[in-house]
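Step one of this worksheet: look at the structure below.
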Amino acid sequence: MQPRHGDVALDYRRYRVNAQDRQPLLDFMLGALQDAGCRVLRCTPPNEAPFRIGFETPDGERIGVIAYAFLATRTPTKNRPLDERSFQIKYGSKGDGTPHDVWQDPFGIYTTLFFGIDPKERFFVAVDPEMHNPTKMFIRFEFKDSHVELIKRNGWHVWERQKRSDGLEEPIEVVVGGSAANFLRFVQFERAAKGLDQGHRQLLADKTELLKRPAAGVADIEPAIDTVALHPLVRELAMNPHQILEIIASARRLKMAVRGWVAEEHLKTAIEKAPGITDCQRLDVEGGPDIRLRYKDGRPILIECKNVLRQTNAKKQPRVDFQRTRASKSDPCSRYYGAGEFDVLAACLHAVTERWEFKYKLPIELPGHKQCPGKLASNVTVDEMWDASIVPILERLSA
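Positions 6 to 404 (our numbering) are the ones given, in order, by the sequence shown.
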């Protein structure tokens, strides 16, 4: 059965593209899904980008994707490395210099993919859509032959990439590559990874077995104890705990929100256990510190929490990519933090240790940024000089 072209309107921007050039990309995705046992329900025509595909997995789950797919090639370029490959991010007119929005479904029904495909060698290389939203057009994303070799050898490969722009380092991003046989795995990964920091994005990519849905019937298991004795939310929702957890596991946006709050709750719990803490509150302010506390009834102290990257340095020390995802157009240095924006930096080590543990540092003890006076360096190593308890930090603040 041939998949039908979609006819339901969605509010993402569409581009007219050359159907002959884009057909191999669409064929790669449709063929990969069908080879994985999926039933393709609908897809947009090859002359319209991004591609929209609806399909049903072998276990009956229906998934929709919005695929910003580009052709990955090896194109020798003057003054570029010989082992370099790339895909060009290119829709619309070259004269349009404005950034283009990468659409994300506010209802969480469709999953957005942003990636390059090599139809001949049968692999893809993907980046975090949110790291490229909005995106410039007619720009290239480069990767190496060594990455492709590992993709072909293992079927799945994950690595870090960092570029410099205007002489300043950009945020580290985690890149995922896979063979055609792992395309369904990639869709399921990207659906679960939306909104994750790069450390946890790589942790999830390393452990995609966590994406498997619970066995059928687990939600129907009755709890061993009376639900009346449990949290009031159990009674309010009129569901047993297994059913509530199943809803969270199956709803991507809900799981993402819960995961973020859980990390902050672990930090708050760790701080509250420290002697001398007289007040500790979570702050829910976009772009602001995460925790406000008082130590021995002193002044309010602000805590900024950052997750470490999954990959450690050569000394096996965790690393923090300590910068904002985006900077002001008029001030590239606005990407970096200043020492006066908070009192304590807490590094969450979960992406490396897979335990909810933290280490602490005073921002004034962190190295300054070499190109941006008054800002802190973006490449931060969590070494032996960090404190495993917040108390010594608070003591130094109180001295």
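Glycine included, every Cβ here is placed at the ideal spot set by N, Cα and C.
* To do: Could you please give the first and the last residue of the uninterrupted alpha helix (DSSP H) stretch that includes Asp-26?
  => 24-40
(Q) Less than 9 Å between the C-beta atoms of His-105 and Tyr-115, yes or no? (A) no
Use the C-beta contact count for Ile-369: other C-beta atoms within 10 angstroms, 16 or more gives buried, fewer gives exposed. exposed
Which word fits Ser-151, buried or exposed, when buried means at least 16 other C-beta atoms lie within 10 angstroms of its C-beta?
-> exposed
Spatial neighbours of Asn-318 within its chain, please: C-beta separation below 8 Å, excluding the five flanking residues on both sides.
Arg-324 and Thr-386
Next on the checklist: Bridge partners for Ile-398 per DSSP, in chain order?
Outcome noted: According to DSSP, which records beta bridges pairwise, Ile-398 is partnered with nothing at all.
Exercise. Run the CB neighbour count on Thr-117, radius 10 Å, all protein chains shown included, and call it buried at 16 or more, exposed below.
Key: buried
Quiz item: Should Thr-213 go down as buried or exposed, given a rule of 16 or more other Cβ atoms within 10 Å for buried?
Solution: buried
For Gln-328, count neighbouring C-beta atoms within 10 Å of its own C-beta (all shown protein chains included) and say buried if the count is 16 or more, exposed if not.
Buried, because 16 or more other Cβ atoms sit within 10 Å of the Cβ of Gln-328.
Would you call the CB atoms of Gln-193 and Ile-177 closer than 9 Å? no
DSSP three-state label for Leu-354, please.
Shown here, Leu-354 sits in coil according to DSSP, grouped into three states, outside any helix or strand.
With a CB to CB cut of under 7 Å and the five nearest residues on each side skipped, what residues in its chain are close to Pro-305?
Arg-297 and Arg-299
Those runs of the beta strand (DSSP E) which lie wholly inside the stretch 149-226 and span at least 3 residues: 161-166 and 178-184
Exercise for review: Look at the alpha carbon of Val-130 and the alpha carbon of Arg-360, and state the distance between them as a whole number of angstroms.
Suggested key: 29 Å
- Query: Is Ala-279 helix, strand or coil by DSSP?
  - Reply: coil
* Asked: What did DSSP end up calling His-374 once you bin it into helix, strand or coil?
  -> Assignment of His-374 by DSSP, reduced to helix, strand and coil, places it in the coil class.
task: Let me know the secondary structure DSSP gives Glu-389 once reduced to three states.
output: coil
Using 8 Å as the Cβ pair cut-off and three pairs as the minimum, do the stretch 82-92 and the stretch 54-69 touch? no
From Lys-149 to Trp-164, what does the alpha carbon distance come to, in whole angstroms?
Lys-149 and Trp-164 have their C-alpha atoms some 11 Å from each other.
Using beta-carbon positions only, say whether Ala-74 and Leu-35 come within less than 9 Å of one another.
no
According to DSSP, simplified to helix, strand and coil, what is Lys-364?
strand
Relative to the C-alpha of Pro-79, which candidate in Lys-141, Gln-93, Arg-196 and Leu-189 has its C-alpha closest?
For the record, residue 79 in the displayed sequence is Arg; it is not Pro. It is Gln-93.
Which stretch, first to last residue, makes up the beta strand (DSSP E) that contains Ile-122?
-> 115-123
**Report entry** Collapsed DSSP secondary structure at Pro-305 in the structure displayed
**Finding:** Secondary structure of Pro-305 (DSSP, three-state): strand.
task: Using a threshold of 9 Å, state whether the C-beta atoms of Glu-89 and Glu-174 are closer than that.
output: no
*asked:* I need the DSSP call for Thr-274, collapsed to helix, strand or coil.
replied: For Thr-274, the three-state secondary structure derived from DSSP is helix.
- Task: Under 7 Å Cβ to Cβ from Lys-273, same chain only, skipping five residues before and after it: list those, please.
- Result: Cys-285, Arg-287 and Ile-296
Legend entry - 8 Å Cβ shell around Gln-207 - same chain, five flanking residues per side excluded: Val-163, Glu-165, Val-179, Leu-314, Arg-315, Gln-316 and Ala-356
Q. Roughly how far, in whole angstroms, is the beta-carbon of Trp-108 from the beta-carbon of Tyr-20, given that I think they are within contact range, below 8 Å?
A. Actually they are not in contact, since the Cβ atoms of Trp-108 and Tyr-20 sit about 12 Å apart, beyond 8 Å.
Put Val-267 into one of helix, strand or coil per three-state DSSP. helix
**Prompt:** What does DSSP give as the partner residues of Asp-110 in its beta bridges?
**Reply:** Answer is none; Asp-110 lacks a bridge partner.
Leaving out five residues on either side along the sequence, give the residues of the same chain with a beta carbon under 8 Å from the beta carbon of Cys-43.
Phe-60, Glu-61, Thr-62, Pro-63 and Leu-189
Worksheet item: What does Cys-338 pair with, by DSSP beta-bridge criteria?
Response: In the DSSP assignment, Cys-338 forms no beta bridge with any residue.
Item checked: Start and end residues, beta strand (DSSP E) containing Leu-298 -> 296-300
Can you list, in chain order, the residues of its chain whose CB lies under 6 Å from that of Asp-302, leaving out five sequence neighbours each side?
Thr-283
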